[in-house]
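If you read the sequence shown in full-length UniProt numbering, its first letter stands for residue 1, the second for the next number, and so on.
Cβ coordinates follow ideal geometry from the N, Cα and C atoms, glycine included.
Take a look at the structure below.
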Amino acid sequence: MAALLESRRQETIRPAETASSGWRWSLRELYAGTDRRATRFQWAVASIDLVIVGFFILGPVLQQWRGYLWIDYAVALLLAADLSARAIASVHLGRWLRQPVVWVDLVVLATLLAPLWLANLGFLRILRLWSMSQKDIFWRALRRRGYGEWEDVGRAGINLVTCLFVITGFIYTVFASPGSGMEGWIDALYFTVATITTTGFGDITLPGPAGKLTAIVTMIVGISLFVRLAQALFRPHKVSFRCPSCALMRHEPDAVHCKACGQLLTIPDTGGE
Numbered sequence: 001m002a003a004l005l006e007s008r009r010q011e012t013i014r015p016a017e018t019a020s021s022g023w024r025w026s027l028r029e030l031y032a033g034t035d036r037r038a039t040r041f042q043w044a045v046a047s048i049d050l051v052i053v054g055f056f057i058l059g060p061v062l063q064q065w066r067g068y069l070w071i072d073y074a075v076a077l078l079l080a081a082d083l084s085a086r087a088i089a090s091v092h093l094g095r096w097l098r099q100p101v102v103w104v105d106l107v108v109l110a111t112l113l114a115p116l117w118l119a120n121l122g123f124l125r126i127l128r129l130w131s132m133s134q135k136d137i138f139w140r141a142l143r144r145r146g147y148g149e150w151e152d153v154g155r156a157g158i159n160l161v162t163c164l165f166v167i168t169g170f171i172y173t174v175f176a177s178p179g180s181g182m183e184g185w186i187d188a189l190y191f192t193v194a195t196i197t198t199t200g201f202g203d204i205t206l207p208g209p210a211g212k213l214t215a216i217v218t219m220i221v222g223i224s225l226f227v228r229l230a231q232a233l234f235r236p237h238k239v240s241f242r243c244p245s246c247a248l249m250r251h252e253p254d255a256v257h258c259k260a261c262g263q264l265l266t267i268p269d270t271g272g273e
């Protein structure tokens, strides 16, 4: 009798488990697949992300608009749905939660769900631009069209732009006030660009030790990202392919052997090189 009851219990559980596995597999195919259906889905999600990033960039200008909070909560709903779907589609939830992209999206979601409490952290929302750049859909499209050598340039450029807007938002949040010489977000952007490029016109300065430290960090980080972008633009093009022996990632496009360990390589030919 006990065995019969156990078998019936298993029969009632299996359909639910099968349905759950089916949903997970379908979402995994949509988020990580490369077929036409998955590619269309990924481009649709990326297009929504671009609109959201534009909303984040214009956020300081739109905050006075009456319907701003409604859009804010709508974006939070979209981001929460995306995060939930990605969590369901993940193979290992714990490993997925440890990814920097997930942490960035969780911080962005927190600023959206509590815009009044976390108003001073609103500038972190632009990190969604970096999170979006980690999706392979953009770079896969470049590689398919024979422009794979521009992937490093694109990533370095996005990192620089993200840093530029994050620092601008921080400066506007912390230092902009009546009589400070920084009257709006445009002034904060102007100061950030002048500081990152080490132009330093001096018409806008940040007061006190905190302002000087902010300017120092801005210059160091900005110059580092500019150098990274220059390296990506002018260094000889290499392809990304992990050596099975020593794990070296960068190789010449026509390399037959790994220059570090001599391992025979089988770098795929994309047809655009």
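| Check | Outcome |
| --- | --- |
| Option nearest A247 by Cα separation, candidates L233, A232, Q263 and A255 | Q263 |
| Through-space distance from I171 to L206, alpha-carbon basis | 9 Å |
| Residues bridged to L264 [DSSP beta-bridge criterion] | H257 |
| For S177, the residue or residues it bridges with in DSSP | Paired residues: none, contrary to the question. |
| Nearest-angstrom Cα separation, counted from L62 out to G211 | 26 Å |
| Residue interval of the alpha helix (DSSP H) (run including Y190) | W185 to I196 |
| Close Cβ partners of T192 (< 7 Å) along its chain, the five nearest in sequence each way excluded | L164, I167, T168, I171 and T218 |
| Residue environment, A202, which counts as buried when at least 16 other CB atoms sit within 10 Å | Residue identity differs from the one stated: residue 202 is Gly in this sequence, not Ala. Exposed, since its Cβ has fewer than 16 Cβ neighbours within 10 Å. |
| Supposed contact pair S131 and G158 - C-beta distance, whole angstroms, cut 8 Å | One point to set straight first is that residue 158 is Ile, not Gly, in the sequence displayed. Incorrect: roughly 10 Å between the Cβ atoms, too far for contact. |
| Three-state secondary structure (DSSP) of residue 324 | With the chain covering 1 to 273 only, the question about residue 324 has no answer from this structure. |
| Buried versus exposed call for S224 [16 or more other C-beta atoms within 10 Å across all chains shown] | exposed |
| Spatial neighbours of V91 in its chain, beta-carbon cut-off 8 Å, leaving aside the 5 residues before and after | R28 |
| Exposure of W185, with buried meaning 16 or more beta-carbon neighbours within 10 Å | buried |
| Exposed unless 16 or more other CB atoms sit within 10 angstroms - verdict on L93 | exposed |
| Buried or exposed (CB count within 10 angstroms, at least 16 for buried), M249 | exposed |
| Secondary structure of S47, DSSP reduced to three states | helix |
| S90, enclosing alpha helix (DSSP H) - first and last residue | Segment: none, S90 is in no alpha helix (DSSP H) and carries neither H nor E. |
| Under the three-state DSSP convention, the category S245 falls into | coil |
| Rounded Cβ spacing between G59 and G154 (contact assumed at less than 8 Å) | Their Cβ separation, rounded to whole angstroms, is 24 Å, which puts G59 and G154 out of contact at 8 Å. |
| Nearest residue (CA-CA) to A232, options I71, R144, L113 and D152 | D152 |
| Cβ distance (whole Å) where R40 is taken to contact I88 below 8 Å | Rounded, the Cβ-Cβ distance is 20 Å, inconsistent with contact. |
| A110 versus L124: straight-line alpha-carbon distance, rounded | 10 Å |
| DSSP three-state assignment for R125, whether helix, strand or coil | helix |
| For R250, the three-state DSSP class (helix, strand or coil) | strand |
| Cβ separation of F56 and R128, assumed to be a contact under 8 Å, to the nearest whole Å | 6 Å |
| Bounding residues of the alpha helix (DSSP H) (the contiguous stretch that carries W103) | P100 to L113 |
| Endpoints, the alpha helix (DSSP H) within which V206 is located | It should be noted that the sequence gives Leu, not Val, for residue 206. No alpha helix (DSSP H) contains L206, which DSSP labels as neither H nor E. |
| Identity of the residues DSSP links to S240 by a beta bridge | R250 |
| Extent of the continuous alpha helix (DSSP H) run through L58 | Here L58 belongs to no alpha helix (DSSP H), and DSSP marks it neither H nor E. |
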